[in-house]
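Peer 1: To convert, take the position in the sequence shown, counting from 1, and add 16; that gives the numbering used here. Encoded as structure tokens, here's the structure I'll be asking about.
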Amino acid sequence: RLILTTTPPEQMCEVFVYRYEKSGKRLLPVPQHGGLPIGQTPLDIPLPMGSYAVVLKTRHREVRYPVYIPRGHHWKGEVDLNLTRKVHQGFVLVAGGPFWNASEQRLEDPHGNPWRNVSSFAMQQYPVTNREYCAFLNAIFGSETSKYGWKEVLELIPKHAKRVPRWRTWRPIWKFRQGRVELPQGLNPDLPVVGMSWYDATAYASWLSRATGKKFRLPNYPEWVKATCGVDGRRFAWGDEAETIYGNAA
């Protein structure tokens, strides 16, 4: 059973339901009810067990809301439509609520409760690119308000591992010349940046917050799982089977 409400309650939405069905190695959303709205919020309807993508539509906005109904359970959720107005361009709203964290259950406590809860948050739709990260490095170097000198900037430059006898060393793969960071020749500036540590990524988020006057941070683990894999406990965004052609690998 699906019980769904929205905030504010007077803001009614048309509700469209897509059931995830396996096609090859992927789970694909298949329209239910002939692709027509299944009703309006507040909604209380019978819905068979399974994994669904629920789309709430008003005249000016659209919110995607994942739903997972295991055997013997129902799903009760609330979507705050006011949050959609606060989402920055290039970001998507991940509605708060429960999700089935199967990966944590498999690794940490096979007999524990796999359900977790997260509050609503927004996540950048696409990864930070080489171009964006390079702009960050050049912005912080030499700034009067920056604590970063050339040594600190070198620590933040993406690195790759090079194996030498008995140990592995990390070496910068970008260039630092005449006070500016340069992308290596042949590196696509619009690909996701790689070779960064958690500290590098945190420094980028902190700088972006200062530069824009808006608050940015890295997602925590439960937020990352829900944003990338939804609420049904799948291993990957597309399903449970590994397949490189479906992932954006860099």
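The beta carbon of each residue, even a glycine, is placed where N, CA and C say it ideally should be. None of these values were measured; they are calculated from a predicted model.
#1: Given arginine 250, which residues of its chain have a CB within under 6 angstroms of its CB, disregarding the five upstream and five downstream residues?
#2: Verify whether the separation of the beta carbon atoms of leucine 224 and valine 197 is less than 8 angstroms.
#3: May I ask you to report which of helix, strand or coil DSSP gives leucine 72?
#4: Decide yes or no for the touch test of the segment 68-77 against the segment 20-39: beta carbon pairs closer than 8 angstroms, at least 3 of them.
#5: To which residues of the same chain is glycine 211 closer than 7 angstroms at the C-beta, ignoring the five residues directly before and after it?
#6: Roughly how many angstroms separate the alpha carbons of serine 222 and isoleucine 54, rounded to a whole number?
#7: Is the segment 166-173 touching the segment 126-145, taking contact as three or more C-beta pairs under 8 angstroms?
#8: Can you tell which of Leu109, His90, Arg87, Gly51 has its C-alpha closest to the C-alpha of glutamate 78?
#9: Got a sec? Which residues, its chain only, sit under 7 angstroms from proline 143 by beta carbon, not counting five neighbours each side?
#10: Can you tell me whether aspartate 206 is buried or exposed? The criterion is at least 16 other CB atoms within 10 Å of its CB, across all chains shown.
#11: With DSSP collapsed to three states, give me the class of valine 46.
#12: Within its chain, find whatever has a CB closer than 6 angstroms to the CB of glycine 113; leave out the 5 residues flanking it on each side and keep chain order.
#13: With respect to the beta strand (DSSP E) encompassing arginine 132, which residues constitute its N-terminal and C-terminal limits?
#14: Once you ignore the five residues that flank alanine 253 on each side, which residues in its own chain have a CB closer than 7 angstroms to its CB?
#15: If you drop the 5 nearest sequence neighbours on each side, which residues of the same chain put their C-beta closer than 8 angstroms to that of asparagine 98?
#16: According to DSSP, is proline 238 helix, strand or coil?
#17: Going straight from the alpha carbon of tyrosine 215 to that of threonine 260, what length do you get?
#18: Quick check: the Cα distance between glycine 40 and phenylalanine 157, rounded to an integer number of angstroms?
#19: Am I right that alanine 111 and tyrosine 81 are in contact with their C-beta atoms under 8 angstroms? What's the rounded C-beta distance?
#20: Our contact map puts tryptophan 91 next to isoleucine 19 with C-beta atoms below 8 angstroms; I'd like the distance itself, whole angstroms only.
#21: Taking phenylalanine 152 as part of the alpha helix (DSSP H), name the residues at either end of that continuous run.
Peer 2: Quick answer:
#1: The residue given as residue 250 occupies position 234 in the sequence shown. Closer than 6 angstroms at Cβ, skipping near neighbours: Asp256.
#2: As a working mapping, residue 224 is identified with position 208 in the sequence shown. As a working mapping, residue 197 is identified with position 181 in the sequence shown. In this structure, valine 197 does not lie closer than 8 angstroms to leucine 224 by Cβ.
#3: Within the sequence shown, numbered from 1, the residue matching residue 72 stands at position 56. In the structure shown, leucine 72 sits in a strand (DSSP, three-state: E or B).
#4: yes
#5: As a first step, residue 211 is located in the sequence shown; it is residue number 195 there, counting from the start. Excluding positions up to five away in sequence, the list reads Pro174, Lys175, His176, Ile189.
#6: Working through the sequence shown from its first residue, we reach residue 222 at position 206. Working through the sequence shown from its first residue, we reach residue 54 at position 38. So the two alpha carbons sit approximately 43 angstroms from each other.
#7: no
#8: Here residue 78 is taken as the residue at index 62 of the sequence shown, counted from 1. Measuring from the Cα of glutamate 78, the nearest candidate turns out to be Leu109.
#9: Looking up residue 143 in the sequence shown gives position 127. Within the same chain, proline 143 has close Cβ partners Pro208.
#10: Here residue 206 is taken as the residue at index 190 of the sequence shown, counted from 1. Exposed is the call here.
#11: The residue labelled residue 46 in the question sits at position 30 within the sequence shown. In this structure, valine 46 counts as strand in the three-state DSSP scheme.
#12: Position 97 of the sequence shown, counted from the start, is the residue given in the question as residue 113. These residues qualify, in order along the chain: Gly93.
#13: Within the sequence shown, the letter at position 116 stands for residue 132. Per DSSP, arginine 132 belongs to the beta strand (DSSP E) from 131-134.
#14: As a first step, residue 253 is located in the sequence shown; it is residue number 237 there, counting from the start. Cβ within range, chain order: Thr244, Cys245.
#15: By 1-based counting over the sequence shown, the position of residue 98 is 82. So the list reads Thr23, Pro24, once near-sequence residues are dropped.
#16: Residue mapping note: residue 238 aligns to position 222 of the sequence shown, counting from 1. The DSSP-derived three-state label of proline 238 is helix.
#17: Here residue 215 is taken as the residue at index 199 of the sequence shown, counted from 1. Here residue 260 is taken as the residue at index 244 of the sequence shown, counted from 1. When rounded, the distance between both Cα atoms is 28 angstroms.
#18: Working through the sequence shown from its first residue, we reach residue 40 at position 24. Working through the sequence shown from its first residue, we reach residue 157 at position 141. Straight-line Cα distance between these residues: approximately 49 angstroms.
#19: The count along the sequence shown starts at 1 and reaches residue 111 at position 95. The count along the sequence shown starts at 1 and reaches residue 81 at position 65. At roughly 5 angstroms, the Cβ-Cβ gap stays under 8 angstroms, so alanine 111 and tyrosine 81 are in contact.
#20: Along the sequence shown, one-based indexing puts residue 91 at 75. Along the sequence shown, one-based indexing puts residue 19 at 3. Rounded, the Cβ-Cβ distance is 7 angstroms, consistent with contact.
#21: One-based indexing of the sequence shown puts residue 152 at position 136. Following the DSSP letters along the chain, one finds phenylalanine 152 inside the alpha helix (DSSP H) bounded by residues 146-156.
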